[in-house]
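There are 2 protein chains.
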Amino acid sequence: MDLERSPLALPFPDMPQIAGVTLRVARARYKNWDRCDLTYAELAEGTSVAGVFTQSACASSEVELGRQNVAQGVARAQIVNAGNSNAFTGYRGREAVEQIMGQVADHLGCPAEQVFVSSTGVIGVPLPKDKAREGVAAALTADPCTWEDAALAISTTDTFAKGAHTNAMIGDKRVELVGFIKGSGMIAPDMATMLGYIFTDAAITPAFLQEILSAANTATFSCITVDGDTSTSDTVMAFATGKAGNGVLTGFDSPGADAFAAALTDLCRQLAQLVVRDGEGARKFISIFVSGAFSDESARRVGLSIANSPLVKTAIAGEDANWGRVVMAVGKAGEPADRDKLSIGFGGVWAAKNGLPCADYDEGPVAAHLKGRDIDITVDLGMGDGRATVWTCDLTHGYISINGDYRS
Amino acid sequence: MDLERSPLALPFPDMPQIAGVTLRVARARYKNWDRCDLTYAELAEGTSVAGVFTQSACASSEVELGRQNVAQGVARAQIVNAGNSNAFTGYRGREAVEQIMGQVADHLGCPAEQVFVSSTGVIGVPLPKDKAREGVAAALTADPCTWEDAALAISTTDTFAKGAHTNAMIGDKRVELVGFIKGSGMIAPDMATMLGYIFTDAAITPAFLQEILSAANTATFSCITVDGDTSTSDTVMAFATGKAGNGVLTGFDSPGADAFAAALTDLCRQLAQLVVRDGEGARKFISIFVSGAFSDESARRVGLSIANSPLVKTAIAGEDANWGRVVMAVGKAGEPADRDKLSIGFGGVWAAKNGLPCADYDEGPVAAHLKGRDIDITVDLGMGDGRATVWTCDLTHGYISINGDYRS
Numbered sequence: 010m011d012l013e014r015s016p017l018a019l020p021f022p023d024m025p026q027i028a029g030v031t032l033r034v035a036r037a038r039y040k041n042w043d044r045c046d047l048t049y050a051e052l053a054e055g056t057s058v059a060g061v062f063t064q065s066a067c068a069s070s071e072v073e074l075g076r077q078n079v080a081q082g083v084a085r086a087q088i089v090n091a092g093n094s095n096a097f098t099g100y101r102g103r104e105a106v107e108q109i110m111g112q113v114a115d116h117l118g119c120p121a122e123q124v125f126v127s128s129t130g131v132i133g134v135p136l137p138k139d140k141a142r143e144g145v146a147a148a149l150t151a152d153p154c155t156w157e158d159a160a161l162a163i164s165t166t167d168t169f170a171k172g173a174h175t176n177a178m179i180g181d182k183r184v185e186l187v188g189f190i191k192g193s194g195m196i197a198p199d200m201a202t203m204l205g206y207i208f209t210d211a212a213i214t215p216a217f218l219q220e221i222l223s224a225a226n227t228a229t230f231s232c233i234t235v236d237g238d239t240s241t242s243d244t245v246m247a248f249a250t251g252k253a254g255n256g257v258l259t260g261f262d263s264p265g266a267d268a269f270a271a272a273l274t275d276l277c278r279q280l281a282q283l284v285v286r287d288g289e290g291a292r293k294f295i296s297i298f299v300s301g302a303f304s305d306e307s308a309r310r311v312g313l314s315i316a317n318s319p320l321v322k323t324a325i326a327g328e329d330a331n332w333g334r335v336v337m338a339v340g341k342a343g344e345p346a347d348r349d350k351l352s353i354g355f356g357g358v359w360a361a362k363n364g365l366p367c368a369d370y371d372e373g374p375v376a377a378h379l380k381g382r383d384i385d386i387t388v389d390l391g392m393g394d395g396r397a398t399v400w401t402c403d404l405t406h407g408y409i410s411i412n413g414d415y416r417s
Numbered sequence: 010m011d012l013e014r015s016p017l018a019l020p021f022p023d024m025p026q027i028a029g030v031t032l033r034v035a036r037a038r039y040k041n042w043d044r045c046d047l048t049y050a051e052l053a054e055g056t057s058v059a060g061v062f063t064q065s066a067c068a069s070s071e072v073e074l075g076r077q078n079v080a081q082g083v084a085r086a087q088i089v090n091a092g093n094s095n096a097f098t099g100y101r102g103r104e105a106v107e108q109i110m111g112q113v114a115d116h117l118g119c120p121a122e123q124v125f126v127s128s129t130g131v132i133g134v135p136l137p138k139d140k141a142r143e144g145v146a147a148a149l150t151a152d153p154c155t156w157e158d159a160a161l162a163i164s165t166t167d168t169f170a171k172g173a174h175t176n177a178m179i180g181d182k183r184v185e186l187v188g189f190i191k192g193s194g195m196i197a198p199d200m201a202t203m204l205g206y207i208f209t210d211a212a213i214t215p216a217f218l219q220e221i222l223s224a225a226n227t228a229t230f231s232c233i234t235v236d237g238d239t240s241t242s243d244t245v246m247a248f249a250t251g252k253a254g255n256g257v258l259t260g261f262d263s264p265g266a267d268a269f270a271a272a273l274t275d276l277c278r279q280l281a282q283l284v285v286r287d288g289e290g291a292r293k294f295i296s297i298f299v300s301g302a303f304s305d306e307s308a309r310r311v312g313l314s315i316a317n318s319p320l321v322k323t324a325i326a327g328e329d330a331n332w333g334r335v336v337m338a339v340g341k342a343g344e345p346a347d348r349d350k351l352s353i354g355f356g357g358v359w360a361a362k363n364g365l366p367c368a369d370y371d372e373g374p375v376a377a378h379l380k381g382r383d384i385d386i387t388v389d390l391g392m393g394d395g396r397a398t399v400w401t402c403d404l405t406h407g408y409i410s411i412n413g414d415y416r417s
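Shown next, in the form of structure tokens:
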């Protein structure tokens, strides 16, 4: 099935090189397609690594090994297989991952635990070891490629390549942060997301990199949803090569640490939003601003309840300011809420305030707002200071067609 | 929008009269339609009442007052308004409910707290008091009508009238149990469901009626979902007129209590399944059998995670035995699970066992099963003795059309 490019797609940005990172791609032919589907990122010695992973109880061997090995803090390589998630494949799946780790480690002369592997695609088919071996061999010796080549090679049902970058000043050193990501369905990360890779030339300890990645994740990847279906393979990795020459960041007391953490969070937010922009069948990008909640976490849960509601998502698809469905989604969230303190608005116009429809509600500007591509929903719970922003897309016939009209 | 009758519809059964129950319907014209939309069930003096209600934090005044008044245990009347849920309408909505309660109580010469009111339809528009007053007046004096007339009058987007009945022997007395229900979207009851009404001529105390209704609810209405969206108005009421002449049931020690509880549970299961059969856009009725869970409640949550997964529901719509999506839904449920003990089957054929695809998996009979109307998914977690059955429908273009293609 050929998928149309998402109407919410953004062009791939012109992203800087990161000293200490070399990308290569190859054809492992995990599916019957003629495109690169194996990506190899080679990392300079001494690269710090951090990662966040799916909370699924049925996580893949890639996730299990990644979570285990990220603890030692150093990475020399990242391999990504596209077309087969290798999830729910038992010992055979695990052997395939260990084979790849060994093959790359032999090539680099490093311990296998410094080689990270991700896989994405169909669940329940063991990754074929022969294709993996040949694909890795080809990738190890391929010519270096661009960020966009790598972003395309890790994609599956994605309709556009997704990358973002930013920078930060640490003392007088400018450090670059670059990331690419894939994902469009089975998106409801809970403390993690689809496959995302972040590279920086900053010098930073693994422990502090993990601390700020985890914090950024809570406010970004954990605040997006396409369909409420959390994947078995969600992974975001961050690699810091240390080539920028800044004083090593060891904690928030280090000069420049706040700026770096803010830049990393900004990069994560950009990447997370790109995934929503490629949500299966998406025609509209929806931002849900929740305030007045009992806590920030409560606000996030209320926001996700709205963002995951098929009735809210189909209403937005139909350009219908059906705020009653937002009330319903707040009510079912299982979080503290009081009907008579709840206010709801679209595009900056309040439709209901303090539990009652607004007497002077003018549907004209709201109707115009809903015809656009970017939809804002504002919810104030009137209970406390908790706030969160959640991003999602609408639910259209496209989602049904992509997931129901053909055999996978 | 004219909705096609669900392909999963069942004919309305021939249901017996219940001594002590008289039904009447009228046109309140809550919407611009020419059909009865106000239902009045008059109940004999001394009728026991029990109810279960939505857990929504944004419940309607009808739900608030019903939950409060059911505690006194006696009912003389039930009014149902269709076309306007009166939810999220503040003090004006509450005034309309209190007006109806007072009007019916004056007519019957009973306390207002013995009059129960439900409303279903659009959220956020106060129920118009003038239409309610005229509609109630017309209903109070209308000729008695049939169960099917009442089932039609309480419906909104339903495509067929839904009723069920059964009976039980209490000593040498046969008691009849009859119910009708409405609902097709915004269905994900959590300890309650859409609007459902159960009538019996059994003699039973209100407290024991509530006990067995609550227990039945856990295994029936709380085990169905159409779209994961819990309504603001979900209500199931049970009324027992006591006219059958059986010895009053006061607890499970009473002779015949087990038989009556089993019959009530059976009736609730029939009614719950009818709602799924009218799920918006439904083409297939899906039963999900979960065993081997840590507890029954854990099994129910795993079942609902599968039943609410848009990726599972679209796969079934596409007649695709995509058991990887079932793995995903088990993994995200947040319940104890072990990938390497998980087994999944369709139509009685195991596709995966103990965390691995079955080597001898024959897709032929599974493909044939998936072409049918009734789909069985079996999941064994291999952890404990907990089990549950959950019912849902597939997710099709019809759901998107009903909820997204037109303005509400």
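In the order they appear, the protein sequences are chains D and Y.
Using the numbering used here, the first residue of the first sequence is number 10, and each one after it goes up by one.
Using the numbering used here, the first residue of the second sequence is number 10, and each one after it goes up by one.
Each residue gets a CB set at the ideal place from its N, CA and C atoms; glycine is no exception.
These figures come from a predicted structure and were not determined experimentally.
Taking all protein chains shown into account, do 16 or more other C-beta atoms lie within 10 angstroms of the C-beta of residue i, making it buried, or fewer, making it exposed?
i: D/A368; result: exposed
i: Y/A377; result: exposed
i: Y/F261; result: exposed
i: Y/W332; result: buried
i: Y/K138; result: exposed
i: D/K380; result: exposed
i: D/N93; result: buried
i: Y/W156; result: buried
i: Y/D152; result: exposed
i: D/R382; result: exposed
i: Y/A201; result: With a pLDDT of only 46 at Y/A201, under the threshold of 50, the placement of this residue in the model should not be trusted; the figure read from the coordinates follows. Y/A201 should be labelled buried.
i: D/D267; result: exposed
i: Y/A216; result: exposed
i: D/G144; result: buried
i: Y/Q87; result: buried
My output table needs one value for residue i: the three-state DSSP class, helix, strand or coil.
i: Y/P366; result: strand
i: Y/F97; result: coil
i: D/Y39; result: coil
i: D/A201; result: Here the model assigns D/A201 a pLDDT of 46, short of 50, so the residue's position is not dependable and the matter cannot be decided.
i: Y/E289; result: coil
i: D/L390; result: coil
i: Y/V134; result: coil
i: Y/F221; result: Per the sequence presented here, residue 221 of chain Y reads as Ile, with Phe not at that position. In this structure, Y/I221 counts as helix in the three-state DSSP scheme.
i: D/T274; result: helix
i: Y/I315; result: helix
i: D/A249; result: strand
i: D/L52; result: strand
i: Y/R14; result: coil
i: D/S70; result: helix
i: Y/I353; result: strand
Return the residue from the list the options that minimises the CA-CA distance to residue i.
i: Y/F62; options: Y/L313, Y/D243, Y/P25 and Y/Q77; result: Y/D243
i: Y/L218; options: Y/I409, Y/V58 and Y/V321; result: Y/V58
i: D/A121; options: D/R85, D/E306 and D/I386; result: D/R85
i: Y/G133; options: Y/A159, Y/R334, Y/S69 and Y/N176; result: Y/S69
i: Y/L351; options: Y/M392, Y/G254 and Y/G111; result: Y/M392
i: Y/S263; options: Y/G194, Y/K140 and Y/I179; result: Y/I179
i: D/V79; options: D/A316, D/V245, D/R334 and D/V339; result: D/V245
Name the DSSP beta bridge partners of residue i, please?
i: D/N90; result: D/L47 and D/S128
i: D/Y408; result: Paired residue(s): none; D/Y408 is not in a bridge.
i: D/M455; result: Residue 455 of chain D lies beyond the stretch modelled for chain D, which goes from 10 to 417, so this question has no answer here.
i: D/C402; result: D/F294
i: Y/K171; result: Y/I190
Notebook entry, point to check: Taking contact to mean at least 3 C-beta pairs separated by less than 8 Å, is the region 292–302 of chain D in contact with the region 201–211 of chain D?
Noted result: no
Checklist line | Sufficient close CB pairs (3 or more, under 8 Å) joining the region 349–369 of chain D to the region 398–410 of chain D | finding: no
Next item on the list: Decide yes or no for the touch test of the region 11–29 of chain Y against the region 377–387 of chain D: beta carbon pairs closer than 8 Å, at least 3 of them.
Entry: no
Margin query: Any contact between the region 123–130 of chain D and the region 95–115 of chain D? By contact I mean 3 or more CB pairs, one from each, below 8 Å.
Written below: yes
Margin query: Using 8 Å as the cut-off, can you tell me whether the region 300–308 of chain Y makes contact with the region 341–348 of chain Y, which would need three or more C-beta pairs spanning the two stretches below that distance?
Written below: yes
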